[in-house]
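In case it helps, numbering that gives the first Met the number 0 puts the sequence shown at residues 0 to 171. In what follows, a single structure is set out as C-alpha cells and then discussed.
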Amino acid sequence: MYRVLILFSVFLISTVVLGHGDEDHRDPKTSQEVSLDEDGFEIISSGPSKDVLNQINEAYKKDVKSIFSNKCLACHGVNNSMPWYYSIPGAKQLMDHDMKEAKEHMDMSNDFPFAGHGRPLDDLDALKKTIDKGNMPPFQYKIIHWKSGLSDKEKKIIKKWIQESKDLIGSK
Numbered sequence: 000m001y002r003v004l005i006l007f008s009v010f011l012i013s014t015v016v017l018g019h020g021d022e023d024h025r026d027p028k029t030s031q032e033v034s035l036d037e038d039g040f041e042i043i044s045s046g047p048s049k050d051v052l053n054q055i056n057e058a059y060k061k062d063v064k065s066i067f068s069n070k071c072l073a074c075h076g077v078n079n080s081m082p083w084y085y086s087i088p089g090a091k092q093l094m095d096h097d098m099k100e101a102k103e104h105m106d107m108s109n110d111f112p113f114a115g116h117g118r119p120l121d122d123l124d125a126l127k128k129t130i131d132k133g134n135m136p137p138f139q140y141k142i143i144h145w146k147s148g149l150s151d152k153e154k155k156i157i158k159k160w161i162q163e164s165k166d167l168i169g170s171k
C-alpha cells in the first residue's frame with residue numbers, strides 16, 4: 000500500500016507540474032480553408048472529399064487503429080476498462096480530467112477524421128508532430144505504464160499512414 004501511495008503522489012505532482020502537453024487547443028481552426036483566386040475573390044474549400052476521407056479511414060482501420068487501441072485510445076477514445084487504481088480517492092478525478100483534456104486535443108472515439116484540431120490535415124500534422132517529439136503519452140502516464148510509448152515499428156507504420164493520407168488530401 001505504501002508503494003501505491005508513493006506512485007500516486009508522484010503521479011499527482013507530475014500532473015500538476017507537467018500538465019498534458021504544449022498544444023494550445025483554445026482556438027480551433029475552421030473546417031473550411033479560405034484562399035484568394037487570381038482576381039482577389041475568396042475561394043472557400045471544405046477540405047477533402049468524402050471518398051478521400053473514407054479511403055484514409057479504411058487505411059487507418061486496417062493499419063493504425065490497433066496500435067492506437069493499445070497505446071492511445073485509453074485517453075483519446077472510449078475507455079470501458081479502467082485500472083484498479085481508478086477507485087483511489089483523487090485518482091478518479093485526475094484521470095477523468097486528463098481523459099477530458101486528451102479528447103479536447105484529439106478525440107479518436109469515432110475513427111478518422113478525428114475531432115479536436117478542426118481539419119483532417121491538422122490532425123495528421125498534429126499526430127506527426129507528436130510522434131516526432133515523442134511527448135505522448137505524457138510523463139505522468141508513463142510513470143505507471145512503462146511500456147505505453149510507441150515502438151519504432153509502430154511509429155513507422157503510423158508515419159507511413161500519415162504521409163499516404165496527406166498525399167491523398169493533396170498536401171505534402
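Where is the CB? At the ideal position from N, CA and C, for every residue including glycine.
What residue does the alpha helix (DSSP H) around Tyr140 start on, and which one ends it?
-> Here residue 140 refers to the residue found at position 141 when the sequence shown is read from its first residue. Its alpha helix (DSSP H) spans residues Phe138 to Ile143.
How many angstroms separate the CA atom of Thr129 from the CA atom of Ser86?
-> In the sequence shown, counting from the first residue as 1, residue 129 sits at position 130. In the sequence shown, counting from the first residue as 1, residue 86 sits at position 87. Separation of Thr129 and Ser86 (C-alpha to C-alpha, rounded to the nearest whole angstrom) is 30 Å.
Are the C-beta atoms of Lys132 and some chain D residue less than 8 Å apart?
-> Going by chain labels, chain D is absent from the structure shown, which holds only one protein chain.
Selection from Asn134, Gly46, Gln162 and Tyr84 that minimises the alpha carbon distance to Ser101 = Indexing the sequence shown from 1 puts residue 101 at position 102. Residue identity check: residue 101 is Ala in the sequence provided, not Ser. Checked all of Asn134, Gly46, Gln162 and Tyr84; the closest Cα to Ala101 is Asn134.
Mark Val77 as exposed unless 16 or more other C-beta atoms lie within 10 angstroms of its C-beta, in which case mark it buried.
-> For this step, residue 77 is matched to residue 78 along the sequence shown. Around the beta carbon of Val77, fewer than 16 other beta carbons sit within 10 angstroms, so the residue counts as exposed.
Which whole-angstrom value is the C-beta distance of Met94 and Asp122, which I expect to be below 8 Å?
-> As a working mapping, residue 94 is identified with position 95 in the sequence shown. As a working mapping, residue 122 is identified with position 123 in the sequence shown. With a Cβ gap of about 24 Å, Met94 and Asp122 do not count as contacting.
Determine the direct distance from the alpha carbon of Phe67 to that of Glu32, and round the result to whole angstroms.
-> On the sequence shown, residue 32 is found 33 positions in, with the first residue counted as 1. On the sequence shown, residue 67 is found 68 positions in, with the first residue counted as 1. Note that Glu32 scores a pLDDT of 49, beneath 50, so its modelled location is shaky; the value from the coordinates is reported in the next line. The straight-line gap from Cα to Cα measures roughly 28 Å.
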